[in-house]
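Right, one structure below, let's go through it.
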Amino acid sequence: MASNKMYLFVLLMIIGGIALSGCSSGDPGVDDIPSEYEETRSINLGDNISLTQYEIETQDSSQVLNDLQQTAESEGWEVIADWEGDFAGYKVGVALEKDDRIMGINTAVNGNITTATVITGPRKGVNVADMNNDETSSQVAEEEPDAPPTTDVDGQDFADAPRYPDSVRTGTSLTAGSDVTQEKVHYLTSDNPEDVKNFYENELEAQGWENIQSQMLTEKGDVRIYVTATKDSKTLEIGTQPSSDYDDMDEIIIYVETRTA
82 MASNKMYLFV
92 LLMIIGGIAL
102 SGCSSGDPGV
112 DDIPSEYEET
122 RSINLGDNIS
132 LTQYEIETQD
142 SSQVLNDLQQ
152 TAESEGWEVI
162 ADWEGDFAGY
172 KVGVALEKDD
182 RIMGINTAVN
192 GNITTATVIT
202 GPRKGVNVAD
212 MNNDETSSQV
222 AEEEPDAPPT
232 TDVDGQDFAD
242 APRYPDSVRT
252 GTSLTAGSDV
262 TQEKVHYLTS
272 DNPEDVKNFY
282 ENELEAQGWE
292 NIQSQMLTEK
302 GDVRIYVTAT
312 KDSKTLEIGT
322 QPSSDYDDMD
332 EIIIYVETRT
342 A
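Just so we're aligned: the sequence shown equals residues 82 to 342 in the numbering used here.
In structure tokens, the structure reads:
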């Protein structure tokens, strides 16, 4: 969704980019690739974004990721995040930055072959798990300093994407257009992100959501999750981020976009 970037844009471009066919003059993200890495695809995705794929005869995808990461770091790229999970067929990955550019490296095993995807593009001001929006949302009433809220703000939960147990609703927003409605609900929890991820993987399936994909992202020591799913005319995104107001607590953001036309 264009108006609510919930994740590092490189990951989203990887998901879209690996589905493309054909080949054009995309520039590889790093030089000095190991000689045993066979380049199988090089695509220019436009907007100064390029994607390159390699195939390596090994099942050790983590080692391939480490090799490519070290190569990138030797050329001045700095790691800003890493992730793991079942997302678009990939299991592990890393994001790096250099000047005003972002690089994403993902690896996955297919049979006895590891496929590595390297994608680079401009940062464009998008941050990891940036869930901010220009929409006006209801805010938590003032609390004592360092005391997390214990009561919900006004608003409603999603019927088929229920709140995480024992969490507190801290904000809601609604934007209705001629052909799409965008709704977002914020919650606060003291549980760890992996528990939140496991809950929604199970709960969404029970509620009839399809195409459920989940990811865990580590950004500078902070663990976050990102879950997507679809159902009828709805697209769902769920993410977490450390609370900026309360120590040892996470914010859960549930976003649902419904097509009405």
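Glycine is no exception: its CB is placed at the ideal position from the N, C-alpha and C atoms.
- The Cβ neighbour count for N187, taken over all protein chains shown within 10 Å, is at least 16; the residue is labelled buried.
- When secondary structure is reduced to three states using DSSP, A342 falls in the coil class, being assigned neither helix nor strand.
- Cβ contact annotation for Y281 (same chain, cutoff 6 Å, sequence separation greater than five): V308 and I319, in chain order.
- In the structure shown, P274 adopts helical secondary structure according to DSSP, grouped into three states.
- According to the DSSP assignment, S155 belongs to the alpha helix (DSSP H) that extends over S142 to S155.
- Residue burial annotation: G202 is buried, with at least 16 other C-beta atoms found within 10 angstroms of its C-beta.
- Here the C-alpha atom of V175 lies approximately 6 Å from the C-alpha atom of A162.
- Contact annotation, T321 with E338: C-beta distance approximately 19 Å; criterion of less than 8 Å not satisfied.
- Exposure of E117 is indicated by the presence of fewer than 16 other C-beta atoms within 10 angstroms of its C-beta.
- Following the DSSP letters along the chain, one finds Q322 inside the beta strand (DSSP E) bounded by residues K315 to P323.
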